[in-house]
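Participant:
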Amino acid sequence: MNKRSFSQGVGEWIGAAEVYDADGRFAGMGSDTRTVKADDQAGRVTVEVEFDGPFSLSGVYTITDHGSHRTYEGPLNIGYAEALGDDLVAAHNYWPGLGLSQRFFLMVLPGGTRQLSLALLSRGDQLQWTVVGEYQRQVDPSDPVPLPVVEMDPQELRADPTGGRGELLLLRPGRWSGQLHRLDADYTPTGSADFTETVGGRGDTREVVLSGADYSTGFSFNLRSDGWTAWTPECDLMGSGSLSGGRGFSGQFHLRSQGLRVWRREVVSRDGAIKAVLHIWYRGEQRLGAAYGALAFEPA
């Protein structure tokens, strides 16, 4: 079992979240503060949450570290998270106060002072909210408080899939590049490799070229988008996903030639410069492994 730690997450995290409704429409900004304190020497932390936005949430819960996984022990948040590394967790949990289940991933970016997250909140199988989060760590009380995010009017942006930015940050022409960490079926690290994702074209169709790190040596495919969702025509890699303001993505794709399926989850920073990616690969329901990391953007 790989030993993990909470060292990357302890502290006060101040951030803002973009909240999207079940139809992918912008619902409003959320002010989000989390204070994470070490509870004892047995791998426990206490998390205090204050979230105010289209829905509100506040309270405390405890997390216990078991090495390869963590348990959320309530009272505010109950569930289970897999620790893919010291800087990444992927969780399935439940917020009793909201009556909502959550699929969630959170990554600490290189440098340790910023986080990106994507939360899909559902009641049963019906999606209620998607929350795209970005946070800055306050290591010391004297650290400057992050500048407030400019409020965006939900009524003005309801018909705008770009969230007021004028472009889908995930699908801009250019190249995403960096290193992805690879994990086997038990989430044991197996090394890192260079990865690039090049996006070309404009309008409702993009050509995407992938190279390195994942479960293929590289291939290209067409991706169509109406701004709210994205999907492929018939090709070797086929599937679809949901876009949230052009910043958050979650979808399933099938690699036909190898009989594989990948659950892709990605979040772009507000400034569009970096994105956190988590790709989990399956054959049927059997998990084969994962790749994750932070990619930097170079415009075309």
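Residue numbers (my numbering): 5 to 304. No residue lacks a Cβ here, since even glycine has one placed at the ideal position from N, Cα and C.
Cβ of W180 within 8 Å of Cβ of L299?
Facilitator: Yes. Within cutoff.
Participant: Go ahead and label P1 buried or exposed: buried means 16 or more other beta carbons lie within 10 angstroms of its beta carbon, across all protein chains shown.
Facilitator: Residue 1 lies beyond the residue range present for the chain, which begins at 5 and ends at 304; the question has no answer from this structure.
Participant: For the beta strand (DSSP E) that contains P79, what are its first and last residues?
Facilitator: Where P79 is concerned, the enclosing beta strand (DSSP E) stretches over 73 to 79.
Participant: Within 10 angstroms of the Cβ of Q130, are there 16 or more other Cβ atoms? Answer buried if so, exposed if not.
Facilitator: Classification of Q130: exposed, given that the 10 Å Cβ count is below 16.
Participant: Given G276, which residues of its chain have a CB within under 6 Å of its CB, disregarding the five upstream and five downstream residues?
Facilitator: Within the same chain, G276 has close Cβ partners L173.
Participant: From the DSSP output, read off the bridge partner residues of F59.
Facilitator: Answer is none; F59 lacks a bridge partner.
Participant: Cα separation between W235 and A42?
Facilitator: So the two alpha carbons sit approximately 43 Å from each other.
Participant: Using the beta-carbon count (16 or more within 10 Å), is R141 buried or exposed?
Facilitator: It counts as buried.
Participant: Taking the C-alpha atoms as reference points, what is the distance between T75 and V135?
Facilitator: Using only the alpha carbons, I get a separation of about 22 Å.
Participant: Does DSSP put R269 in a helix, in a strand, or in coil?
Facilitator: Three-state result, R269: strand.
Participant: Could you tell me the distance, in whole angstroms, from the CA atom of K7 to the CA atom of S72?
Facilitator: Any reading at K7 is ruled out, since the residue's pLDDT is 46, under 50, leaving its predicted position unreliable.
Participant: Using DSSP with H/G/I as helix, E/B as strand and the rest coil, what is K7?
Facilitator: Any reading at K7 must be qualified, since the residue scores a pLDDT of 46, below 50, and its modelled position is unreliable; the value itself is stated next. Coil.
Participant: Is it buried or exposed, E201, if we count other Cβ atoms within 10 angstroms and call 16 or more buried?
Facilitator: Its Cβ being crowded by 16 or more others within 10 Å, E201 is buried.
Participant: Can you tell me where the beta strand (DSSP E) with E138 in it begins and where it stops?
Facilitator: Note, E138: beta strand (DSSP E), 130 to 142.
Participant: If you draw a straight line from the alpha carbon of D25 to that of F108, how long is it in whole angstroms?
Facilitator: Answer to the nearest angstrom: the Cα atoms are 16 Å apart.
Participant: Excluding the 5 residues flanking Y139 on each side, which residues of the same chain have their C-beta closer than 6 Å to its C-beta?
Facilitator: W17, G19, Q119.
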